[in-house]
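Under the UniProt record's numbering, the residue at position 24 of the sequence shown is numbered 24, and the numbers go up by one with no gaps. From the three backbone atoms N, C-alpha and C, an ideal C-beta is built for every residue, glycine too.
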Amino acid sequence: MNLWLTRIVPDPRHHAARHDLTGSASPVNLHRRVMSLFPDGLGSDARAKLAVLFRVDDTPTGPHILLQSTQEPDAGRLPDGYGTLLSRPLTPLLDALRPGLTLRYRCVASPVRKPGATTRAAYNLPAVVALTGAAADEWWLRQAEASGLHPLTHTAHLLDAIHARRGPTGAAAQQRIRHTRTRFDGTATITDVDRLRTKILEGIGRGKAYGCGLLSIAPARNPA
1 MNLWLTRIVP
11 DPRHHAARHD
21 LTGSASPVNL
31 HRRVMSLFPD
41 GLGSDARAKL
51 AVLFRVDDTP
61 TGPHILLQST
71 QEPDAGRLPD
81 GYGTLLSRPL
91 TPLLDALRPG
101 LTLRYRCVAS
111 PVRKPGATTR
121 AAYNLPAVVA
131 LTGAAADEWW
141 LRQAEASGLH
151 PLTHTAHLLD
161 AIHARRGPTG
171 AAAQQRIRHT
181 RTRFDGTATI
191 TDVDRLRTKI
201 LEGIGRGKAY
211 GCGLLSIAPA
221 RNPA
């Protein structure tokens with residue numbers, strides 16, 4: 001399996017970059033931008049077919065877009081002056097994974113729980129309940145273990161929630177996107193390499209089309 005990790009450093013002076021990164025519609029705009037970097041005609045499930053995941057990381061030099069995909073994105077599809085794009089294969093990193101290896105990780109995810117019908121009726125709950133605070137921490141620790149990781153440390157930082165419409169007109173304008181987001185950082189040891197590779201490819205949780213779910217890892221400099 002070929003997997004690519006791409007870093008896009010937008011120029012904040014470029015109008016298209018500002019459009020993609022600011023405002024309530026930015027998750028939808030960014031979804032369209034990253035998908036525009038791949039060939040047309042892939043159908044309605046293009047994101048899933050190419051295993052496209054992305055997130056925005058705040059850095060001292062401004063926001064960076066981190067993009068993962070099974071096909072290398074085409075830098076020529078970015079608007080002129082939008083910013084820089086650099087891709088590298090993730091295969092060497094994935095091939096080097098082994099049980100017991102200590103990693104640093106980051107994942108911006110949308111923690112939720114789905115109460116059963118009886119619980120929903122008893123407490124008048126929606127089908128999907130967003131989680132924050134200690135409940136989100138517990139959710140993440142379960143997800144990490146299910147992803148072949150044994151967390152050693154973790155921190156959680158609540159991010160702005162995603163509230164947007166799927167499109168500007170028609171039926172898409174009536175469809176609301178809502179995702180509570182938390183960024184999880186920490187260190188962990190690998191317990192199951194195959195599960196970890198699968199979760200890196202597939203992503204974790206909901207909102208994968210809108211900047212959630214990308215699990216990024218790197219060898220820990222000072223293993224615990």
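query: Supposed contact pair Thr153 and Leu67 - C-beta distance, whole angstroms, cut 8 Å; result: In fact, because the Cβ distance is near 27 Å, the residues do not count as touching under 8 Å.
query: Expected contact under 8 Å - CB spacing of Val108 and Gly211 to nearest Å; result: 7 Å
query: Whether Val28 touches Pro99 by CB criterion (8 Å); result: no
query: Simplified DSSP assignment, three categories, for Ala220; result: coil
query: Backbone CA spacing between Thr191 and Thr155 [nearest angstrom]; result: 20 Å
query: Residues near Asp74 in its chain [Cβ-Cβ closer than 6 Å; skip 5 each side]; result: Leu37
query: Supposed close pair Tyr82, Asp11 - CB separation, criterion 8 Å; result: 7 Å
query: Which of helix, strand or coil DSSP assigns to residue 230; result: An answer regarding residue 230 cannot be provided, because it is not within the stretch 1 to 224 covered by the chain.
query: Close-in-space but distant-in-sequence residues of the same chain around Val129 (CB under 7 Å, 5 per side omitted); result: Val112, Arg113 and Pro115
query: Gln71 versus Leu3 - alpha carbon distance; result: 7 Å
query: Endpoints, beta strand (DSSP E) assigned at Thr182; result: Arg176 to Ile190
query: Of the residues Thr189, Arg32, Arg55 and Ala161, the one placed nearest Arg178, counting alpha carbons only; result: Ala161
query: Alpha-carbon to alpha-carbon, Ser87 and Ala51; result: 15 Å
query: Residues bridged to Cys107 (per DSSP); result: Phe184 and Leu215
query: 7 Å Cβ shell around Ala134 - same chain, five flanking residues per side excluded; result: none
query: Option nearest Thr159 by Cα separation, candidates Gly148, Leu131 and Arg176; result: In the sequence under discussion, the amino acid at residue 159 is Leu, which differs from the Thr named in the question. Measuring from the Cα of Leu159, the nearest candidate turns out to be Leu131.
query: Rounded separation between Thr22 and His15 - CA only; result: 11 Å
query: Residue closest to Ala220, alpha-carbon to alpha-carbon, out of Lys49, Ser44 and Leu103; result: Leu103
query: Unbroken beta strand (DSSP E) run spanning Ile204, endpoints; result: From DSSP, Ile204 is part of no beta strand (DSSP E); its letter is neither H nor E.
query: Candidates Leu215, Leu53, Arg176 and Leu78, of which the one nearest Ser24 by Cα; result: Arg176
query: Status (buried if at least 16 other CB within 10 Å, exposed otherwise) for Lys182; result: The sequence shown places Thr at residue 182, not Lys. The residue in question, Thr182, is buried, as its Cβ has 16 or more Cβ neighbours within 10 Å.
query: From Ala46, Pro79 and Lys49, residue whose alpha carbon lies closest to that of His19; result: Pro79
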